[in-house]
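*Asks:*
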Amino acid sequence: MLRVPMTENTPDVSVIIGAYEAMPYLVKCLESVESQTLGADRIEIVAVDDGSTDGTGEYLEEFATRSKVATRVVRQSNSGGPSRPRNTGLALARGRFVFFLDADDYFGDEALERLVAMADRAGTDVVLGKTVGVNRNAAKSMWNETVERADIYRSNVKYTLSAQKLFRRDLLVRHGMRFDESLRTGEDALFTLEAYLRGNGVSVVSDPTCYYLVGREDGKHLTKTGGYVPRFDSARALMRLIAAHVPAGERRDLLMMRPFAVTLLPQFGPVVLRQPRDVLLAKMKLAAPLMAAHWTPGLARRLKTDERLRLTCVAMDLPDALVDVVAFLHEGKQPERVRRRGREYLAYPHFRDPALGIPDSAYEVRGAPGPLTVARRRARRLAGWTLRHLRRMRAGA
574 MLRVPMTENT PDVSVIIGAY EAMPYLVKCL ESVESQTLGA DRIEIVAVDD GSTDGTGEYL
634 EEFATRSKVA TRVVRQSNSG GPSRPRNTGL ALARGRFVFF LDADDYFGDE ALERLVAMAD
694 RAGTDVVLGK TVGVNRNAAK SMWNETVERA DIYRSNVKYT LSAQKLFRRD LLVRHGMRFD
754 ESLRTGEDAL FTLEAYLRGN GVSVVSDPTC YYLVGREDGK HLTKTGGYVP RFDSARALMR
814 LIAAHVPAGE RRDLLMMRPF AVTLLPQFGP VVLRQPRDVL LAKMKLAAPL MAAHWTPGLA
874 RRLKTDERLR LTCVAMDLPD ALVDVVAFLH EGKQPERVRR RGREYLAYPH FRDPALGIPD
934 SAYEVRGAPG PLTVARRRAR RLAGWTLRHL RRMRAGA
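Count along the sequence shown from 1, then add 573; that gives the number in our numbering.
1. Any idea if T946 is buried or exposed, counting beta-carbon neighbours within 10 angstroms, 16 or more meaning buried?
2. Thinking just about the alpha-carbon of each residue, which of T733, V835, L766 is nearest to the one in L786?
3. For the beta strand (DSSP E) that V606 lies in, which residues bound it at each end?
4. Distance, Cα to Cα, D682 vs T610?
5. Do V707 and K738 have their beta-carbon atoms positioned less than 9 Å apart in this structure?
6. Using a Cβ-Cβ cutoff of less than 7 Å, which residues in the same chain neighbour N729 once the five nearest sequence positions on both sides are dropped?
7. Give me the Cα-Cα distance between C602 and D893, rounded to the nearest whole angstrom.
8. DSSP three-state label for G749, please.
9. Do you know how far the Cα of P820 is from the Cα of L565?
10. For V671 and R657, I'd like the C-alpha separation in whole angstroms.
11. Is the distance from the Cβ of T629 to the Cβ of Y679 below 9 Å?
12. Between which two residues does the alpha helix (DSSP H) containing A810 stretch?
13. Out of curiosity, what's the CA-to-CA distance linking L882 and G772?
14. Classify Q840 as helix, strand or coil using the three-state DSSP reduction.
15. So, at 6 Å on beta carbons, what are the nonlocal neighbours of G624 in its own chain, with the 5 sequence-adjacent residues on each side left out?
16. In the structure shown, what three-state DSSP assignment does F764 receive?
17. Given L811, which residues of its chain have a CB within under 8 Å of its CB, disregarding the five upstream and five downstream residues?
18. As an exercise, report each continuous beta strand (DSSP E) stretch of at least 3 residues that is fully enclosed by the segment 894 to 931, in chain order.
19. Tell me whether E937 is buried or exposed, calling it buried when 16 or more other Cβ atoms sit within 10 Å of its Cβ.
20. Bridge partners for I618 per DSSP, in chain order?
21. Helix or strand or just coil, what does DSSP make of Y732?
22. With a Cβ-Cβ cutoff of 9 Å, do E617 and R659 count as a contact?
23. Tell me, to the nearest whole angstrom, how far the beta carbon of V775 is from that of T697; I am working on the premise that it is less than 8 Å.
24. Quick one: using the 10 Å Cβ neighbour count with 16 as the cut-off for buried, is K641 buried or exposed?
25. Pull up the distance between the alpha-carbon of R789 and that of D677, whole angstroms please.
26. If D826 and L872 are in contact, beta carbons under 8 Å, what's the gap, nearest whole angstrom?
27. Can the beta-carbon of R669 be found less than 9 Å from the beta-carbon of R757?
28. Assign S755 to one of three DSSP states: helix, strand, or coil.
29. In whole angstroms, what is the alpha-carbon distance linking R916 and D933?
30. Out of V619, D780, A808, Y598, which one is the CA nearest neighbour of P584?
31. Out of D614, E634, Y598, T644, point me to the one whose CA is closest to I589's CA.
32. Pull up the CB-CB distance for V898 and P922, whole angstroms please, since I reckon it's below 8 Å.
33. Buried or exposed: V720, going by 16 or more other Cβ atoms within 10 Å of its Cβ?
34. Just how far apart, CA to CA, sit P849 and V802?
35. Going along the chain, which residues of its own chain have a beta-carbon closer than 7 Å to the beta-carbon of M857, five neighbours each way excluded?
36. Please check the pair D780 and K703, which I expect to be a contact at CB under 8 Å, by giving their CB distance rounded to whole angstroms.
Shown next, in the form of structure tokens:
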């Protein structure tokens, strides 16, 4: 439903807002678009009401009639998630860039001006703006500094895969990119990581705050997760994407850290002590093909010891051992440190248990020196001692 005729001028940014039962949060959301220092004439809004019954659609239509920001309003039946509203908006967008703004959230005043300026200066296709949480947590580790071209493999940008970013629309159009409507959670991670991998670089704007991520007091959000199965669906899709775009090796392992650490590990944490055994077995069955296809020694080495051990138990189909390890961690016990042949291990449950055969590497301390490193350190110490001894002898002569 078109509420305001669009001009022929191409806007810099199409702000795509998918909204479901968004009142009263929608009011501040839209105000934050109008207050952008980029200027109303350089922005368009494409707002999609996803079957709301609380007046969201009516408010969007009323806003469109009075706002200086050119606004399209589409009203559709409820889809049950954010993918379809975003895809609807993306199909109508005309801007050089698009930004997916959730109806619960809001912009900082300079957000779009700073993000567009960075994209134009750096020539990058995705720009991340500093995000802070309001009544909820938000990732922090990637906002330490402004970066024109971030390393998507070694930096923490791989841990912020929400859709609330500036995307160059040409990238999305060229590759026919859309949000996967079959996923009930994690669709934004799949979309964003594909843009990272296909695009011409990723930038980070760390100052000022660009985006405010709001935790709703009523608990209503556009996304509906519906249990643990969608989590595994999400992990599977993300792992397949990484495997399709990145050859086996260090860089693939670095990216695989994201689905393994963020999506899989929580399914095999303290929750296993509260859930029925049949649920744990079902989760391990879902995880088995993912572990077989994508679990590598290089990836394992990058995890903390307890994380690596838990996933090793999953990979080896050892549910009882997994429960023992999680219970040990939950009780706050400290494992004994064992040093053997220049390596250091944390003796969590079943360390060197011959009946289970869990490899020592699962218990090894991350970053602990291996035999070659120890030998080199000894050689350096010996060389230093010899040099000092020779100097003393020369001084005495």
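Even glycine gets a Cβ: it sits at the ideal position worked out from N, Cα and C.
Note that the structure is predicted; figures quoted are calculated from it, not measured.
*Replies:* Taking the structure as given:
1. In this prediction, T946 scores a pLDDT of 45, lower than 50, which makes its location untrustworthy; the coordinate-derived value is nonetheless stated afterwards. Result: exposed.
2. T733
3. DSSP places V606 outside any beta strand (DSSP E); the residue lies instead in the alpha helix (DSSP H), whose first and last residues are 598 to 607.
4. 6 Å
5. no
6. S714, M715
7. If you take the alpha carbons of C602 and D893, they lie about 48 Å apart.
8. coil
9. In this structure the chain extends from 574 to 970, so residue 565 is not present and cannot be described.
10. 16 Å
11. no
12. Residues 802 to 818.
13. Cα to Cα, the separation comes out at about 35 Å.
14. Three-state result, Q840: helix.
15. S650, N651
16. helix
17. G759, A762, L763, L766, R831, P832, T836
18. For the segment 894 to 931, whole beta strand (DSSP E) runs of length 3 or above, ordered along the chain, are 909 to 913, 916 to 920.
19. buried
20. Note: I618 sits in a beta bridge opposite V588, T644.
21. helix
22. no
23. For a cut-off of 8 Å, the C-beta gap from V775 to T697 is around 6 Å, short enough to register as a contact.
24. exposed
25. 7 Å
26. 4 Å
27. no
28. Reduced to three states, the DSSP call for S755 is coil.
29. 10 Å
30. V619
31. Selected option, being the one with the closest Cα: T644.
32. 5 Å
33. buried
34. 15 Å
35. For M857, where only same-chain residues beyond five positions count, the Cβ hits under 7 Å are V887, D890, P892.
36. 7 Å
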